[in-house]
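*Asks:* In the numbering used here, the protein residues as written are 7 to 150. Built from N, CA and C at the ideal position, the CB exists for glycine as well.
Here's what the structure looks like:
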């Protein structure tokens with residue numbers, strides 16, 4: 007019973023978060039990149055250099071769909087392709103300094119937007135939200 011109640015709460019929480027936070031953050035912190043391109047950059051930052059197959063697996067997409075995403079990021083000099091010195095058939099994708107700088111700037115912009123939204127809450131509400139968000143994050147990280 008609790009599983010269903012929790013699932014229903016999450017079901018209602020997702021569109022609310024989308025409307026109140028995610029959409030606003032995305033609109034106000036434009037990078038000129040698609041969400042999938044940003045997702046690829048974030049994965050490369052988290053995982054370091056990886057092959058196209060590994061990146062495609064992380065993105066839950068076929069490699070053929072990831073290739074044009076990476077092509078665009080290479081053109082923008084946000085990532086680079088590196089050939090394995092031992093086996094030239096292996097190509098790794100690595101985040102460049104410019105890509106890392108873009109991610110840091112994007113993070114700062116998003117944090118600024120979120121901070122301005124939170125300014126409407128009093129100290130008690132902020133403390134409650136921080137506790138709830140921290141707990142929520144820990145629990146979500148336990149899920150498969």
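Could you name the residues that DSSP lists as bridge partners for residue 88?
*Replies:* Numbered from its first residue, the chain shown carries residue 88 at position 82. 98, per the DSSP bridge assignment.
*Asks:* Using a Cβ distance threshold of 8 Å, determine whether the stretch 11-20 contacts the stretch 81-95, with at least three qualifying pairs required.
*Replies:* Touching, no, given that fewer than three Cβ pairs across the two stretches are closer than 8 Å.
*Asks:* Sort out for me which residues DSSP pairs residue 57 with in a bridge.
*Replies:* The count along the chain shown starts at 1 and reaches residue 57 at position 51. 98, per the DSSP bridge assignment.
*Asks:* Could you give the distance in angstroms between the alpha-carbon of residue 99 and the alpha-carbon of residue 116?
*Replies:* Walking along the chain shown from the start, residue 99 turns up at place 93. Walking along the chain shown from the start, residue 116 turns up at place 110. Near 26 Å, if we compare the C-alpha coordinates of residue 116 and residue 99.
*Asks:* Output needed for residue 31: all residues of its chain with C-beta closer than 8 Å, excluding positions within five of it in sequence on either side, in chain order.
*Replies:* Stepping through the chain shown from its first residue, residue 31 is reached at position 25. Taken in chain order, the residues that qualify are 116, 119, 120.
*Asks:* Around the Cβ of residue 43, are there at least 16 other Cβ atoms within 10 angstroms (buried) or fewer (exposed)?
*Replies:* Locating residue 43 in the chain shown gives position 37, counting from the first residue. Looking at its Cβ environment, which holds 16 or more other Cβ atoms inside 10 Å, residue 43 is buried.
*Asks:* Nearest to residue 123 by alpha carbon, out of 29, 101, 59?
*Replies:* As a working note, residue 123 is residue 117 in the chain shown. Measuring from the Cα of residue 123, the nearest candidate turns out to be 29.
*Asks:* Less than 8 Å separating the beta-carbons of residue 68 and residue 60?
*Replies:* Walking along the chain shown from the start, residue 68 turns up at place 62. Walking along the chain shown from the start, residue 60 turns up at place 54. It is not a contact, given that the beta carbons lie outside the stated cut-off.
*Asks:* Please report how far the alpha carbon of residue 105 lies from the alpha carbon of residue 82, in whole angstroms.
*Replies:* Your numbering for residue 105 matches position 99 in the chain shown. Your numbering for residue 82 matches position 76 in the chain shown. Going from the Cα of residue 105 to the Cα of residue 82 covers about 9 Å.
*Asks:* Using only the alpha-carbon positions, how far apart do residue 131 and residue 141 sit?
*Replies:* Within the chain shown, numbered from 1, the residue matching residue 131 stands at position 125. Within the chain shown, numbered from 1, the residue matching residue 141 stands at position 135. When rounded, the distance between both Cα atoms is 15 Å.
*Asks:* Report back the beta-carbon spacing between residue 109 and residue 47 to the nearest angstrom; my notes put them in contact at under 8 Å.
*Replies:* Taking the chain shown and counting its residues from 1, one reaches residue 109 at position 103. Taking the chain shown and counting its residues from 1, one reaches residue 47 at position 41. Right, the Cβ-Cβ distance comes to about 6 Å (below 8 Å), so this counts as a contact.
*Asks:* Evaluate residue 1 with the Cβ neighbour count: other Cβ atoms within 10 Å of its Cβ, from every protein chain shown; 16 or more gives buried, anything less gives exposed.
*Replies:* What the structure shows of the chain is the stretch from 7 to 150, and residue 1 is not part of that stretch, so it cannot be assessed.
*Asks:* Work out the CA separation of residue 8 and residue 101 for me, nearest whole Å.
*Replies:* Residue 101 sits at position 95 when you count from the first residue of the chain shown. Residue 8 sits at position 2 when you count from the first residue of the chain shown. Straight-line Cα distance between these residues: approximately 43 Å.
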